[in-house]
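In this note's numbering, the protein residues as written are 20 to 356.
Each residue gets a CB set at the ideal place from its N, CA and C atoms; glycine is no exception.
Notes follow the structure.
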Ligand SMILES: Nc1ncnc2c1ncn2[C@@H]1O[C@H](COP(=O)(O)OP(=O)(O)OP(=O)(O)O)[C@@H](O)[C@H]1O
Ligand SMILES: [Mg+2]
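Have a look at this one:
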């Protein structure tokens with residue numbers, strides 16, 4: 020099996036709407052792969068097809084080597100899922116939710132107790148094991164769902180918007196767990212998000228999805244290099260002919276060919292790797308007896324990539340409030356259920 024997930028023209032139509040439009044992805048073992056796209060892009064629909072909850076209209080996918088159309092029950096054995104909506108039971112404790120899930124997956128009683136303990140410790144909820152979920156925060160519910168998703172030893176974990184609507188602190192916490200799941204359990208993870216920082220922090224590779232289509236695919240650095248490189252702004256001590264000398268020497272040394280003066284003392288140098296190039300620029304300056312006073316740099320964001328590809332911003336700032344309202348509503352509903 021070359022890939023853990025391989026989609027082949029995977030497509031879902033809802034009447035006239037093509038929610039997922041012939042997508043082809045190849046995801047390797049141990050990879051964190053992100054589907055990044057705005058609201059309504061088709062992320063959840065893709066996850067629902069890959070986890071066998073929705074039947075594709077056209078095309079198919081192999082998940083852990085099994086065809087989602089032909090062997091859905093085999094696929095389900097191999098995967099763990101954390102849904103976009105909160106799905107744990109508010110009337111039960113964390114431990115009870117885990118127990119119920121273990122029973123659904125026929126995990127032997129003798130093994131289950133130890134497993135639950137280990138996983139609750141993994142997400143640092145062991146102290147909360149016997150507390151009813153109504154008392155959990157949104158971030159804690161998410162952590163419990165991740166632990167639950169890992170209970171039956173899946174080979175692939177699907178995370179649909181793992182930090183939707185959480186505060187920055189809880190989000191950073193969840194990111195840590197996701198990175199640990201990858202590292203300590205060598206898990207393949209497919210996650211969806213419309214947060215650029217999340218995609219960038221977590222994903223080895225990202226597919227940008229819009230209107231059901233994959234419009235770009237690559238590592239975060241590869242995607243960002245589509246909109247030009249990083250720009251380093253160098254301010255030199257005095258404005259004289261030496262700025263021209265510095266620019267020439269930087270070109271000669273092969274650091275960058277794209278150099279522009281932006282003021283009498285400031286050079287803008289476009290490079291493909293800031294951390295590698297800044298020390299080289301300092302070396303060139305020193306060798307030519309030129310004093311650098313200040314260094315700044317800017318790097319393109321994934322939002323710039325999305326803007327370049329679609330002419331739209333990935334999300335407006337108000338979006339985050341929509342997410343928070345949505346998450347709160349979900350938690351309230353889960354509490355009432
Ligand atoms: N059961 C359904 N019936 C009809 N249309 C649907 C159904 N489920 C999703 N859609 C539509 O398909 C499109 C893709 O929806 P999907 O939920 O996959 O997007 P998403 O990328 O997960 O968005 P979000 O960021 O809001 O979660 C949307 O236009 C949505 O309205
Ligand atoms: Mg969704």
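Next on the checklist: Could you tell me the alpha carbon to alpha carbon distance between residue 279 and residue 178, rounded to whole angstroms?
Outcome noted: 44 Å
Item to check | Straight-line Cα distance separating residue 347 from residue 125 | outcome: 33 Å
Checklist entry - Can you name the residues that DSSP bridges to residue 52? => result 209, 224
Next on the checklist: Can you tell me which residues form a DSSP beta bridge with residue 316?
Outcome noted: 251
Next on the checklist: Let me check one thing: in DSSP terms, what residues is residue 232 bridge-paired to?
Outcome noted: 229
Next on the checklist: Assuming residue 36 is part of the alpha helix (DSSP H), what are its boundary residues?
Outcome noted: First-last for residue 36: 36–42, but that is the beta strand (DSSP E), not the alpha helix (DSSP H).
Item to check | Pairwise C-alpha distance: residue 211 and residue 273 | outcome: 39 Å
Next on the checklist: Taking 7 Å as the cut-off, is the C-beta of residue 80 nearer than that to any heavy atom in ligand 1?
Outcome noted: no
Next on the checklist: Rounded to the nearest angstrom, what separates residue 264 and residue 301 at their Cα positions?
Outcome noted: 14 Å
Item to check | Residues with C-beta closer than 6 Å to any heavy atom of ligand 1, in chain order | outcome: 33, 36, 38, 56, 58, 59, 60, 61, 62, 63, 64, 103, 213
Next on the checklist: I'd like to confirm something about residue 211: is its beta-carbon nearer than 7 Å to some heavy atom of ligand 2, or not?
Outcome noted: yes
Item to check | For residue 287, the three-state DSSP class (helix, strand or coil) | outcome: strand
Next on the checklist: What does DSSP give as the partner residue(s) for residue 332 in the beta ladder?
Outcome noted: None, per the DSSP bridge assignment.
Checklist entry - Mapping DSSP to helix, strand and coil, what is residue 310? => result coil
Item to check | Span separating the alpha-carbon of residue 60 from that of residue 103 | outcome: 14 Å
Item to check | Inter-residue spacing [alpha-carbon to alpha-carbon] between residue 27 and residue 254 | outcome: 51 Å
Checklist entry - Would you say the beta carbon of residue 180 comes nearer than 7 Å to a heavy atom of ligand 2? => result yes
Checklist entry - Can you give the beta carbon distance from residue 287 to residue 293, rounded, assuming they're within the 8 Å contact cut? => result Going by Cβ atoms, the distance from residue 287 to residue 293 rounds to 13 Å, so no, they are not a contact pair.
Item to check | Identity of the residue in 63, 270, 121 nearest residue 96 by Cα | outcome: 121
Item to check | Minimum C-alpha distance to residue 379 - residue among 167, 244, 243 | outcome: Lying outside 20 to 356, the shown extent of the chain, residue 379 is not represented and no answer is given.
Checklist entry - Over what stretch of residues does the beta strand (DSSP E) that includes residue 179 continue unbroken? => result 175–179
Checklist entry - Using the C-alpha atoms, what's the distance from residue 314 back to residue 51? => result 34 Å
Checklist entry - On the three-state DSSP scale, how would you describe residue 126? => result coil
Checklist entry - Do residue 99 and residue 176 have their C-beta atoms closer together than 8 Å? => result yes
Item to check | Top-ranked residue by Cα proximity to residue 297, from 129, 252, 309 | outcome: 252
Item to check | Pairwise C-alpha distance: residue 147 and residue 165 | outcome: 15 Å
Next on the checklist: Using a 10 Å radius around the Cβ and a threshold of 16 neighbouring Cβ atoms, would you call residue 402 buried or exposed?
Outcome noted: Outside the shown range of the chain (20 to 356) lies residue 402, about which nothing can therefore be said.
Next on the checklist: Using the Cβ count rule (16 or more neighbours within 10 Å means buried), how would you classify residue 75?
Outcome noted: buried
Item to check | Distance, residue 330 Cα to residue 111 Cα | outcome: 47 Å
Item to check | Rounded C-alpha distance that separates residue 312 from residue 220 | outcome: 31 Å
Checklist entry - How would you label residue 308, buried or exposed, when you count the other beta carbons within 10 angstroms and need 16 or more for buried? => result exposed
Next on the checklist: So residue 190 and residue 153 are supposed to be a Cβ contact under 8 Å. How far apart are they, rounded?
Outcome noted: Residue 190 to residue 153, Cβ: 22 Å. No contact.
Checklist entry - Going by DSSP, what residues sit across from residue 237 in a beta bridge? => result 225
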